Amino acid sequence: QDNKQVKWRMSTSWPKSLDTIHGSAEEFCKRVGELTEGAFEIRAFAGGELVPPGQNMDAVSNGTVECNHVLASAYIGKNTALAFDAGLAFGLSARQHNAWIQYGGGLNALRELYKKYSIVNFTCGNVGVQMGGWYRKEIKSVADLKGLKMRIGGLGGMVLEKLGTVPQQIPTADIYPALEKGTIDAAEWIGPYDDEKLGLDRVAKFYYAPGWWEGSASITSMVNAKAWEALSPRFKAAFECAANEQTMKMLAKYDARNPDALRRLLGQGAKLAFFPREVLDAAFKASHELYGELSEKNPDFKAMLPQWKAFQQNEASWFRVADSALDNYTFAAVTAKPK
Amino acid sequence: MAPIMFASLILFLVVGYPVAFALGANGLFFALVGIALGLLEPALFQALPERIFGIMFNETLLAIPFFTFMGLILERSGMAEELLDTIGQLFGSVRGGLAYAVIFVGALLAATTGVVAASVISMGLISLPIMMRYGYDHKLAAGVIAASGTLAQIIPPSLVLIVMADQLGRSVGDMYAGALVPGLVLTGLYAIYVFAYSMIKPGSAPPLPPEARTLHGAALGMRVLTSLVPPLVLIFLVLGTIFLGIATPTEGGAMGAFGALVLALMRRRLSLSLLNQAMDKTAKLTCFAIFILVGSTVFGLAFRAVNGDLWVEHLLLALPGGVIGFLVVVNLLVFLLAFFLDFFELAFIIVPLLAPVAEKLGIDLVWFGVILAINMQTSFMHPPFGFALFYLRSVASRDLRTADIYRGAVPFVIMQLMMVGAVILFPGLVTGNVEKHQKVDIESIRIEAPAGDAYPGNSSSDDPARMFNDDRR
Amino acid sequence: MKLLLKLARGIDALNSLVGQAARWLILVAVLISAFNAFSRKAFSLSSNGMLEIQWYLFAAVFLLCAGYTLLSNEHVRVDVLLSRLSRRKQLFVELFGLIVFLAPVAVLVLVLSWAPFVDAYTSGEISSNAGGLVRWPVKLLIPAGFLLLLLQALSQVIKTIDELRRLPDAAAPAN
Ligand code: NA
Ligand code: NA
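In the order they appear, the protein sequences are chains A, B and C.
By our numbering, the letter at position 254 of the first sequence is numbered 303, and the numbering carries on one by one without gaps.
By our numbering, the letter at position 33 of the second sequence is numbered 38, and the numbering carries on one by one without gaps.
By our numbering, the letter at position 136 of the third sequence is numbered 1034, and the numbering carries on one by one without gaps.
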């Protein structure tokens, strides 16, 4: 009964040159087509082609487009609890996040939240741990963050603001020249593979790890609730399968491409550096202060935080026993310099 | 339907109703046709306020009011006239002296802003009246000002180059480096054209008549000093604050506007009425320039909604294989499409389609991007739908006929095309200035991380096994 | 007609008033932008609010002045043909443009931009950047601006019809 052709538009938040994230959106559309023998056709539009990235959530809410492909934390100005969908600072890893979504109560909690906006959400990809951005000078202590002018948005910016950093969301067109001349001291984007294309290594040598504010950037496809309900069960299943597939494949693509990209960047003269432990301690503390404040202000945030926190604690305990223990040993062994 | 849309756009424009609304109405009309044919759902219209919000949100466009305001303060306070008059006195006996000055100022302005509207409007305000007064050929004056204004988009910083870098997946820095020399060569070409024109038609760019050259010797020297100080201060405020890392390029415009205010104040030429005039004109010019963007966003949405972008994609399928053949056909196509689409739509629709093909042919994408950027510069310049021509129209007095603006633009369009050809023939113009990526054997590079764990030092007190046991007890 | 002309004059006065007030925001934006750059460098003192207020002001200028700009006839046209027409024909083009070109787009945007404003207002939407601003005022600017534009279009229609009526039948061609 569902031979009827369905055509949807998917508005993404990405430029087409991001073959990782935007590429995943296009692959997703292609797969939905294949799974339905072409009957369910979704076309992906890059950020700004239909609506500007900042309006992608509204566009799905009010039915301008049927679905989007976004980082949910871009919309925390609407509701801070949306940050749980994309991932919080010092939050879950990509694997833990998927565990939370699929079997840890995350999906139900988020579906409830999105109902307010007539949206049904689907996890549709993950970037993994990002890098901490490009800096003109070294960050040796928490004091070095004071007065640091940095282009960083969202929750990460809010945490850093508590530590004295001056977040400056200057226009995209100005990032490169502003960083080159020292109008700003630092800027962050994604990870080595995507950052390589921006060429910020030419103007800010220090490349910091880890991107603690984006330990897993989970990508979401928000679907207009009415459009979703109108789909046949077969189309719904195809949509979900393709989304799950991309959750696995986007992360795989990043994991496969980032190491060589980082090596190329280092070969061009970028200096790899790690935030000192002291900085992470301060940032961790500030993050949890922020979560406390957000809970005060937003009942949605307050409702989700305890459950999510407990889940993280439990996962962390288990991952330290299993993954971290073995990873730490193996990584050191495999990367040890030959004697 | 897309070709019909283009044809009717010309019709809509020629009627003579303001461009902004003709564009919008044309888009709306075809969106309605699209709905009637079942090509799109009315819900897509909701994208309109969202797209307008995107224009409001685009802080880079602040350059338009900032530079316009600066230009108006300079013009209304008489400082601009003084400056150009001084240049006239200095090079008074040189034919086309003013035109060279305009080209030079255009290149300087281009180094501070990447927004063509800002540059053309402020240049038109400052220099058009005086060129007309000194008896310059109207076509030449209009062409020189509009073309020098479009240098803003090829000499870094530049919105066009940023969009291009973004779409091609190349670094903005490389794009800037690659575009610099072609931008300067183009500046030189304009000057050569002025020279040739003033030789062939001596009356078109007259030198100052001897009786106007009143200052000589020491008096002229003083005058040069006093009238050159303000522009030098302004250049420092705009360019200098960007280079010293104080202002972003967008803020550089505000620095310039602020500086113009202070200068006018210091010369006791800033009155409330002058301030009011400048703000009033800035408000109207900004409104007009942005409403053209609003109109073209309606047009752009409808163009996509009726699958105009797919139609363009289809055109690109039939591209020839060889490098030169590919480049020539692509540039012809871009040139023709640029008659109707502004560079944003062009860059968004076709560049992502062309990039993989170009890369497969072994074409350097920075080179390719610069070629396209110069070509798209013509989209600002060619009649009837060149934004730079509209901007100039908006600040020109009625004495300058629209037809003269159009005719004046044509030689510069031809020069830009010659430049496209030159860059195709001599890739070194672009690649020579791009910092070579060091050839590094990545196999030789190790990612060094602190041994084992970047954050070691967990004491036995938070031994994971213990934590786990505690929790479960 | 008299009553209508009175209405037109009222609209003109309103848009002049709004335009003359809104133009001061340009000066404010210039000062804030220059000051922000300076204080950021000198004292590491700035915030995203200082950046966002600049585009709020910019948006306020071009939207609130939309009616005023139309009143002042500052929107550029391709006037190659238009300038050769008789005054009567020019007025007909004007009327046609106002009703067929301008009004539909303005009505559409006015209607569609209301719900996003209400959403932003009731949900208390703010910027997602640290230290960013509340969003509803800037979303209100779209319907406000297009309402002013539409009102001005109405005034222009009235004035154009009035001029057409008063035009002698054998109108001399405009120069
Ligand atoms: Na990031
Ligand atoms: Na420029």
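Yeah, the Cβ is synthetic: ideal placement off N, Cα and C, and Gly gets one too.
For clarity, every value in this text was computed on a predicted model and none was experimentally measured.
Supposed contact pair residue j and residue i - C-beta distance, whole angstroms, cut 8 Å
{"i": "B/Arg517", "j": "B/Leu306", "result": "Here chain B covers residues 6 to 478 and nothing more, so residue 517 of chain B does not appear."}
{"i": "B/Ile447", "j": "A/Asp309", "result": "6 Å"}
{"i": "B/Gln172", "j": "B/Ala360", "result": "7 Å"}
{"i": "B/Ile281", "j": "B/Val339", "result": "Checking the sequence, you will find Asn at residue 281 of chain B rather than Ile. In fact, because the Cβ distance is near 44 Å, the residues do not count as touching under 8 Å."}
{"i": "A/Pro355", "j": "B/Pro254", "result": "Going by Cβ atoms, the distance from A/Pro355 to B/Pro254 rounds to 46 Å, so no, they are not a contact pair."}
{"i": "A/Gly177", "j": "A/Ser122", "result": "Not really, about 15 Å apart at Cβ, beyond 8 Å."}
{"i": "B/Ile251", "j": "C/Phe936", "result": "7 Å"}
{"i": "A/Arg306", "j": "A/Tyr242", "result": "4 Å"}
CB of residue i within 8 Å of CB of residue j, strictly
{"i": "A/Gly202", "j": "C/Asn934", "result": "no"}
{"i": "C/Leu962", "j": "C/Val926", "result": "no"}
{"i": "B/Leu213", "j": "B/Tyr105", "result": "no"}
{"i": "B/Ile480", "j": "B/Gly76", "result": "Examination of residue 480 of chain B is not possible in this model, given that chain B is present from 6 through 478 alone."}
{"i": "A/Ile268", "j": "A/Met297", "result": "no"}
{"i": "B/Ala288", "j": "C/Val1007", "result": "no"}
{"i": "A/Ala138", "j": "A/Trp261", "result": "yes"}
{"i": "A/Asn157", "j": "A/Tyr163", "result": "no"}
{"i": "B/Met485", "j": "B/Pro187", "result": "The requested residue 485 of chain B is not part of the displayed model; chain B covers only 6 to 478."}
{"i": "A/Val208", "j": "A/Leu339", "result": "yes"}
{"i": "B/Thr155", "j": "B/Met420", "result": "no"}
{"i": "B/Ile452", "j": "A/Arg312", "result": "yes"}
{"i": "C/Ala1051", "j": "C/Leu980", "result": "no"}
{"i": "C/Arg938", "j": "A/Lys198", "result": "yes"}
{"i": "A/Gly126", "j": "C/Ser1025", "result": "yes"}
{"i": "A/Val191", "j": "A/Glu327", "result": "yes"}
{"i": "B/Ile150", "j": "B/Met128", "result": "yes"}
Extent of the continuous alpha helix (DSSP H) to which residue i belongs
{"i": "A/Met180", "result": "That residue, A/Met180, is in no alpha helix (DSSP H); it is neither H nor E in DSSP."}
{"i": "A/Leu321", "result": "Here A/Leu321 belongs to no alpha helix (DSSP H); instead the beta strand (DSSP E) covers Lys320 to Phe323."}
{"i": "A/Ala93", "result": "Premise fails: A/Ala93 lies in the beta strand (DSSP E), Phe89 to Phe94, not in any alpha helix (DSSP H)."}
{"i": "A/Asn273", "result": "From DSSP, A/Asn273 is part of no alpha helix (DSSP H) but of the beta strand (DSSP E) over Ser267 to Asn273."}
{"i": "A/Lys198", "result": "A/Lys198 -> not in any alpha helix (DSSP H); beta strand (DSSP E) instead, spanning Lys198 to Arg200."}
{"i": "C/Val916", "result": "Lys900 to Ala920"}
{"i": "A/Gln380", "result": "Per the sequence shown, residue 380 of chain A should be read as Phe rather than Gln. It spans Ala374 to Thr384 - the alpha helix (DSSP H) in which A/Phe380 sits, taken as one unbroken run."}
{"i": "A/Glu86", "result": "Segment: none, A/Glu86 is in no alpha helix (DSSP H) and carries neither H nor E."}
{"i": "B/Leu277", "result": "Leu277 to Ala310"}
{"i": "A/Gln151", "result": "Ala143 to Tyr152"}
{"i": "B/Ser163", "result": "From DSSP, B/Ser163 is part of no alpha helix (DSSP H); its letter is neither H nor E."}
{"i": "A/Asn105", "result": "Asn105 to Ser110"}
Residue nearest to residue i in terms of C-alpha spacing, selected from the options
{"i": "B/Leu242", "options": "B/Met227, B/Ser232, B/Ala265 and B/Val229", "result": "B/Ala265"}
{"i": "B/Val19", "options": "C/Ser1021, C/Leu903 and C/Asp977", "result": "C/Asp977"}
{"i": "C/Val974", "options": "B/Ala25, B/Leu89, B/Glu86 and B/Leu45", "result": "B/Ala25"}
{"i": "B/Thr407", "options": "B/Ile40, B/Gly148 and B/Gly193", "result": "B/Gly148"}
{"i": "B/Ala36", "options": "C/Ser1021, C/Gly1029 and C/Pro1002", "result": "C/Pro1002"}
{"i": "A/Lys302", "options": "A/Asp68, A/Pro64, A/Gln54 and A/Glu75", "result": "A/Asp68"}
{"i": "B/Val375", "options": "B/Val439, B/Leu320 and B/Val238", "result": "B/Val439"}
{"i": "A/Gly240", "options": "A/Gly231, A/Lys230 and A/Tyr257", "result": "A/Tyr257"}
{"i": "B/Leu53", "options": "B/Trp316, B/Thr65, B/Leu67 and B/Ala30", "result": "B/Ala30"}
{"i": "B/Ile354", "options": "B/Leu342, B/Ala363 and B/Lys365", "result": "B/Leu342"}
{"i": "A/Thr113", "options": "A/Ala385, A/Ile168 and A/Leu315", "result": "A/Ile168"}
{"i": "A/Met106", "options": "A/Lys165, A/Ile188, A/Glu210 and A/Asn363", "result": "A/Lys165"}
{"i": "A/Val252", "options": "A/Leu228, A/Asn273 and A/Glu263", "result": "A/Leu228"}
{"i": "A/Gly248", "options": "A/Gly318, A/Met271, A/Glu187 and A/Leu280", "result": "A/Gly318"}
{"i": "B/Ile167", "options": "B/Ala184, B/Met271 and B/Ala112", "result": "B/Ala184"}
Enclosing beta strand (DSSP E) for residue i [first to last residue]
{"i": "A/Ser60", "result": "Val55 to Thr61"}
{"i": "A/His118", "result": "Cys116 to Leu120"}
{"i": "A/Asp258", "result": "Position check: residue 258 of chain A holds Ala in this sequence, whereas Asp was assumed. Phe255 to Ala258 is the extent of the beta strand (DSSP E) around A/Ala258."}
Just checking, does the region 327 to 336 of chain B make contact with the region 57 to 65 of chain B on the three C-beta pairs under 8 Å criterion? no
Q) Are three or more beta carbon pairs between the region 138 to 145 of chain B and the region 396 to 415 of chain B nearer than 8 Å? A) yes
Any chance the region 66 to 77 of chain B sits against the region 113 to 127 of chain B, with 3 or more Cβ pairs inside 8 Å? yes
ask   = How about the region 85 to 97 of chain A and the region 53 to 62 of chain A: do they share at least three Cβ pairs that are nearer than 8 Å?
value = yes
#### Entry: Validate contact between the region 335 to 353 of chain A and the region 130 to 144 of chain A using beta carbons, cut 8 Å, 3 pairs
Short answer: they touch.
Are at least three pairs of beta-carbons, each pair with one atom in the region 1055 to 1063 of chain C and one in the region 987 to 994 of chain C, less than 8 Å apart? yes
**Message:** Does the region 287 to 296 of chain A come into contact with the region 74 to 85 of chain A, if we say contact requires no fewer than three beta-carbon pairs (one atom in each stretch) closer than 8 Å?
**Reply:** Touching, per the Cβ criterion.
With three or more C-beta pairs closer than 8 Å as the rule, is the region 303 to 319 of chain B touching the region 265 to 277 of chain B? Taking 8 Å as the limit for Cβ pairs, the verdict is that the region 303 to 319 of chain B does not touch the region 265 to 277 of chain B.
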